[in-house]
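See below for the structure under consideration.
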Amino acid sequence: MPELPEVEVLVRHLRPLIRNKTIRGVRVLRDRVLGATTAVKLRRTLLGARFVSVSRRGKYLCFQLRTPRDRRPVKLIGHLGMTGRMYLSRRHDPPAKHTAVILDLGRTNFVFEDTRYFGRLTLDDQMVARLGPEPLSEVFSTNYLVAALARSSQAIKVKLLDQRLVAGIGNIYASEALFRAGISPRLPARELNLSQMRGLRRAIREVLREAIRFGSTVPLNHGTAGRDSLFYFGRAADAPDYYEERLRVYDREGRPCGRCGANIRRILQAARSTFYCPRCQSR
DNA sequence: CACCATGTTCCTTG
DNA sequence: CCAAGGAACATGGT
36 MPELPEVEVL VRHLRPLIRN KTIRGVRVLR DRVLGATTAV KLRRTLLGAR
86 FVSVSRRGKY LCFQLRTPRD RRPVKLIGHL GMTGRMYLSR RHDPPAKHTA
136 VILDLGRTNF VFEDTRYFGR LTLDDQMVAR LGPEPLSEVF STNYLVAALA
186 RSSQAIKVKL LDQRLVAGIG NIYASEALFR AGISPRLPAR ELNLSQMRGL
236 RRAIREVLRE AIRFGSTVPL NHGTAGRDSL FYFGRAADAP DYYEERLRVY
286 DREGRPCGRC GANIRRILQA ARSTFYCPRC QSR
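Shown next as structure tokens:
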């Protein structure tokens with residue numbers, strides 16, 4: 036579920052639900068998701084702390100908390116990996132199968148669940164510091180893109196997944212943005228001309244904004260019964276109709292391009308699928 | 001059994 | 001030192 040738009044929608048959803056809630060208990064069921072943090076340290080840091088704010092940076096969630104002991108705010112960092120979810124459940128609900136961490140908030144629990152355990156909930160914020168600019172901010176300008184891509188021979192699709200270039204684009208929206216910009220995913224980054232650079236920046240911003248808007252208008256409660264879940268993917272078996280046609284190329288191999296009718300292709304780049312229209316994206 | 005999957009890090013090779 | 005490619009992480013769906 037997790038590229039920038041999905042994380043943004045999740046943050047907006049969680050913000051009013053957890054603000055001012057105090058953590059009364061911390062249960063770690065899967066240490067791996069803590070990264071460099073230990074369960075003991077997490078418990079010591081979070082017990083008695085109160086949520087002050089939630090924000091997003093790239094695909095990371097940044098929770099700020101305040102403790103009665105410490106003057107400084109505590110920062111808790113979340114990342115959903117490939118299959119992570121965060122939601123509130125009722126206090127005595129039995130934990131879902133792949134629950135990694137439960138924060139007891141009194142009447143409710145804050146739950147971090149992650150089937151594949153690639154996600155993180157940690158006090159370690161060093162990864163956030165290495166991120167490139169926010170694609171929806173003014174820092175992400177055409178000039179920035181031109182300078183950042185000037186010396187890279189890497190295929191532009193692969194480059195877009197580099198979180199140091201720009202934060203928050205993943206495998207789905209990389210393909211979608213390139214389709215919208217009409218740029219071949221194989222084009223070496225440094226070979227984009229100025230008009231393509233402008234077009235790509237614009238396409239990235241549009242694709243992400245539209246996905247946020249879409250996610251904000253969709254009910255948050257399906258996919259998994261009884262729990263908040265955002266799912267977004269091309270052809271999930273239980274996807275309702277309105278998810279159709281949202282993505283123009285991702286997971287649409289062999290289907291006709293909505294713009295020109297040519298068959299969408301799938302190729303592998305850096306061991307990951309890329310989807311594109313061979314006619315609309317010939318260069 | 002085979003292959004695929006929204007992400008990131010680490011290792012090897014050049 | 002840097003860039004690029006691939007495997008690894010862990011689990012489930014088709």
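Its first residue numbered 36, the first sequence is counted upward by one per residue in the working numbering.
For glycine and all other residues, C-beta sits at the position ideal for the given N, C-alpha and C.
The alpha helix (DSSP H) that contains Glu-38, what's its start and end? Run containing Glu-38: none; DSSP gives neither H nor E here.
Identified DSSP bridge partners for Thr-157: Thr-157 is bridged to Ile-112.
Meets three-Cβ-pair contact criterion under 8 Å: the region 57–69 and the region 133–146: Because the criterion of three Cβ pairs below 8 Å is met, the region 57–69 and the region 133–146 touch.
Would Ser-206 be called buried (16 or more neighbouring beta carbons within 10 Å of its own) or exposed? Looking at the sequence provided, one finds Asn at residue 206 rather than Ser. Asn-206 is buried by the Cβ-count criterion.
Asn-320: which of Phe-98, Cys-292, Ile-204, Lys-192 sits nearest, CA to CA? Here the chain comprises residues numbered 36 to 318, so residue 320 is not present and cannot be evaluated.
Expressed to the nearest angstrom, what Euclidean distance is found between the alpha-carbon atoms of Asp-286 and Gly-234? 23 Å
Three-pair Cβ contact test at 8 Å for the region 281–295 versus the region 219–229: no
Would you check if the region 109–125 and the region 151–169 touch, i.e. whether three or more CB-CB distances between them fall below 8 Å? yes
Which residues in the same chain have their Cβ closer than 7 Å to the Cβ of Arg-126, if we skip the five residues on either side of it in sequence? Arg-142, Thr-143, Asn-144
Helix, strand or coil for Asn-298 per DSSP? Looking at Asn-298 - three-state DSSP - the assignment turns out to be strand.
Quick one: Cα of Met-162 to Cα of Asn-228, how far? 32 Å
Using the Cα positions of Leu-303 and Thr-80, report the straight-line distance between them to the nearest angstrom. 43 Å
Where the alpha helix (DSSP H) containing Ile-239 begins and where it ends: That run of the alpha helix (DSSP H) goes 229–252.
Nearest neighbour of Ala-84, chosen from Arg-104, Ile-247, Pro-130 [CA to CA]: Residue Arg-104 is the option with its Cα nearest to Ala-84.
Answer yes or no: do Val-109 and Thr-102 have a C-beta to C-beta separation smaller than 8 Å? The answer is yes: Cβ separation under 8 Å.
When you compare the CB positions of Leu-100 and Val-87, do they come within less than 8 Å of one another, or not? yes
Assign Ser-219 to one of three DSSP states: helix, strand, or coil. coil
Nearest by alpha-carbon distance to Tyr-311: which of Gly-296, Met-232, Glu-211, Glu-280 is it? That would be Glu-211, whose Cα lies nearest to the Cα of Tyr-311.
Quick check: what's the CA-CA separation for Asp-128 versus Thr-150? 18 Å
Compare the C-alpha of Ile-58 against each of Arg-248, Glu-241, Leu-138 and name the closest. Leu-138
Would Glu-169 and Ala-209 qualify as a contact pair, given that the criterion is a beta-carbon distance under 8 Å? no
Option nearest Arg-50 by Cα separation, candidates Gly-93, Leu-166, Ala-190, Met-121: If we check each option's Cα against that of Arg-50, Met-121 comes out closest.
Buried or exposed by the 16-neighbour rule on C-beta atoms within 10 Å, applied to Ser-230: exposed
Cα separation between Ala-305 and Ala-190? 9 Å
Reference Gly-93; option with closest CA among Leu-195, Ser-317, Arg-318: Out of Leu-195, Ser-317, Arg-318, the CA that lies nearest to the CA of Gly-93 is found in Leu-195.
Looking only at its own chain, which residues have a Cβ that is under 6 Å from the Cβ of Glu-43, when we skip the five neighbours before and after it? Arg-91, Ile-247
Compare the Cα-Cα distances from Ala-297 to each of Arg-67, Pro-37, Arg-236, Gln-316 and report the closest residue. Gln-316
I need the straight-line Cα distance from Glu-241 to Glu-226, nearest angstrom please. 23 Å
Give the secondary structure of Asp-263 by DSSP, where H, G and I count as helix, E and B as strand, and everything else as coil. Reliability fails at Asp-263, whose pLDDT of 44 lies under 50, so the model's placement of it is uncertain and the value that follows must be treated cautiously. If DSSP states are grouped into helix, strand and coil, Asp-263 belongs with coil.
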